[in-house]
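Enquirer:
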Amino acid sequence: MIHPVYPHAKIRTQALSALALSVIACGGSTAFRSESHSSTRSDTQAVAMGFGTQHTCALSRLGQVRCQGRNWAGQLGAGVVGLSRRNGESVDGVQDAIQVQVNPTAGVSCALVRQGRVLCWGSNEFGMLGVGHENDELCETSYRRIPCRRAPVLVDGLADVTRIAMGNQSICAVQSSGRVWCWGDAAGPLGHPNTPRPVLVPELEGVVYISASLNEMFVHVEGGRAFLFPEGIAVEVPEGMRISTSSWGAFCGVASNGVASCYGRSRHGLLGELDQSDQFRRVVLEVASVRSVAAGASHACLLKNDRSVWCWGDARNGALGSRPLATEVCRGFLDEDVPCVRQPVLVEGLTDVSSLALSDRFSCAVRVDGSIWCWGRLQEGVWWHQPRQMDW
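Under numbering that gives the first Met the number 0, the sequence shown has 308 at position 309, and the numbering climbs by one with no breaks.
1) Among R144, G257, R60, V152, which residue has its Cα nearest to the Cα of G78?
2) I'd like to know if the stretch 135 to 145 and the stretch 159 to 172 are in contact, where contact means that at least 3 CB-CB pairs between them fall below 8 Å.
3) Any idea if H132 is buried or exposed, counting beta-carbon neighbours within 10 angstroms, 16 or more meaning buried?
4) With 16 other CB atoms within 10 Å as the buried threshold, where does R60 fall?
5) What number of angstroms, rounded off, separates the C-alpha of L460 from the C-alpha of R65?
6) Just the Cα atoms here: how many angstroms apart are A92 and S108?
7) Quick check for students: name the residue ranges of the alpha helix (DSSP H) that lie wholly in the stretch 101 to 155, counting only runs of 4 or more.
8) With a threshold of 8 Å (Cβ to nearest heavy atom), would G239 be considered close to the ligand FAD?
9) Can you confirm whether G76, when its beta carbon is compared against all beta carbons of chain B, has any partner nearer than 9 Å?
10) Do L319 and V346 come within 9 Å of each other at the CB atom, strictly closer than that value?
11) Mind reading off the beta-carbon distance from E204 to G177? Whole number of angstroms is fine, and I expect it under 8 Å.
12) Whole angstroms is fine: what's the gap from G81's alpha carbon to H191's?
13) Taking only the alpha-carbon atoms, compute the straight-line gap between G156 and P197 and give it to the nearest angstrom.
14) Span of the beta strand (DSSP E) holding V173?
15) Give the DSSP bridge partners of S260, in chain order.
16) Classify D336 as helix, strand or coil using the three-state DSSP reduction.
17) Using CA atoms only, rank isn't needed, just tell me which of V206, S212, C171 is closest to P195.
18) Can you tell which of D334, V340, D359, V99 has the C-alpha that lies nearest to the C-alpha of M48?
19) Look at the alpha carbon of V173 and the alpha carbon of W311, and state the distance between them as a whole number of angstroms.
20) Between S122 and A225, what straight-line distance do the alpha-carbon atoms span, to the nearest angstrom?
21) Spatial neighbours of R387 within its chain, please: CB distance less than 8 Å, with the 5 preceding and 5 following residues excluded, ordered by chain position.
22) Looking only at DSSP bridge pairs, what is G49 linked to?
23) Assess, as a yes-or-no matter, whether the stretch 345 to 363 is touched by the stretch 276 to 287 under the definition of 3 or more beta carbon pairs within less than 8 Å.
24) What is the DSSP secondary structure of T326, counted as helix, strand or coil?
25) Just list the residues that DSSP pairs Q63 with in beta bridges.
26) Please state the DSSP three-state secondary structure of W382.
27) State the Cα-Cα distance for the pair W71 and L213, rounded to the nearest angstrom.
28) Since N304 and F361 are thought to touch, with beta carbons under 8 Å apart, how far apart are those beta carbons, to the nearest angstrom?
29) When DSSP labels each residue in this structure, what does T194 get in the three-state scheme?
30) What do you reckon, are the CB atoms on C261 and R281 nearer than 9 Å?
31) Could you name the residues that DSSP lists as bridge partners for A211?
32) From F279 to N102, what does the alpha carbon distance come to, in whole angstroms?
33) Could you tell me whether the Cβ atoms of V367 and R306 are closer together than 9 Å?
Here is the structure:
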């Protein structure tokens, strides 16, 4: 039997149910299998992914959202709870999606659709569905009952949304006007408490992009400026840069001239620096012709214009691919010494990649043909140092 993991479970004790994997209940354990065939159906050709600790959703070429994994709060959008899925299935009621977000810990999924509206489903314990609590259902778990919605609901009062960003217990949305609305517990970059429906953040104007980690939010405003909240740290952002995010607060992106940068702190060698201080800062990556960058909890990968993938950071879990030789030591989550690689190394055997998605111990890539390939520590005892194609 697969048991649910509750909102306060630690990410590093995850039993991964990523969409890129097929999850099979095996008498109290969870087994994984990869597939050797390519997906030919356009509804299963992925363009982007979002990872949670217990479920994952992917966005298909047709704008459908397909979710897989554990379903203790209805986060798969299947209309039921408790029934885990080993293969991804489309979420009813979500069409023309252009972005999908998955909460790392709280069992919440959201999609931004082409019409500028936002739909969410799953746990509503922290008000992250944006619809209040009046019509909540109750999802029964072995721990307790929690408010939830088993199917997608339209977030109240939001329109003209261009981007959503999901933090630990809150979600924010940017409108085409540059205004920001947030909802959830301690919602948004300025910590508005207990807001189960979207509230305007009047202090923020002219926002062009927003990205969130578990506990921090990176807000990019007009004029090449950005702010890290809740600290309020101001940083400069190169022209045309769009930021990706890590579960632990490293933000990376690529400017319009193809120069990649990371903002964060230098644990795990994520910034490629010898300096191991906790000071938040920007580091320019000395790699040319970068198409995009993705940051995980303790490693990062970049996609070059030739569609090859290069990774660096924590080398313990195989998430860098190709068994790279770790010649340096970095500081871990508990201030322990961990083997790391500070400069990007090529992930061998992987070509024609269109996008990347990273978790805390593994990496995944979406190829041009829509197939998904993953490598790293997929679960306890499951290590892949070479990319393998997945069935979703």
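The beta carbon of each residue, even a glycine, is placed where N, CA and C say it ideally should be.
It should be emphasised that the depicted structure is a prediction, and the values quoted were computed from it without experimental measurement.
Expert: Let me lay it out:
1) V152
2) no
3) exposed
4) With fewer than 16 other Cβ atoms inside 10 Å of its own Cβ, R60 counts as exposed.
5) Nothing in the structure corresponds to residue 460, since the chain is present only between 0 and 391.
6) A small correction: the amino acid at residue 92 is Gly; Ala does not occupy that position in the sequence shown. Their Cα atoms are separated by approximately 13 Å.
7) none
8) Here there are no bound small molecules, and the ligand FAD is not part of this structure.
9) Protein chains in the displayed structure number just one, and chain B is not present.
10) yes
11) 6 Å
12) 32 Å
13) Their backbone Cα atoms lie some 8 Å apart in a straight line.
14) 169 to 174
15) According to DSSP, which records beta bridges pairwise, S260 is partnered with G252, V283.
16) strand
17) Checked all of V206, S212, C171; the closest Cα to P195 is C171.
18) V99
19) 31 Å
20) When rounded, the separation of the alpha-carbon atoms in S122 and A225 is 31 Å.
21) S33, W372, C373, W374
22) Per DSSP, C56.
23) no
24) coil
25) Answer by DSSP bridge pairing: none, since Q63 is not bridged.
26) strand
27) Using only the alpha carbons, I get a separation of about 21 Å.
28) About 25 Å; that fails the 8 Å criterion.
29) Three-state result, T194: strand.
30) yes
31) A211 has M216 as its beta-bridge partners, per DSSP.
32) 24 Å
33) Yes, they are a contact pair.
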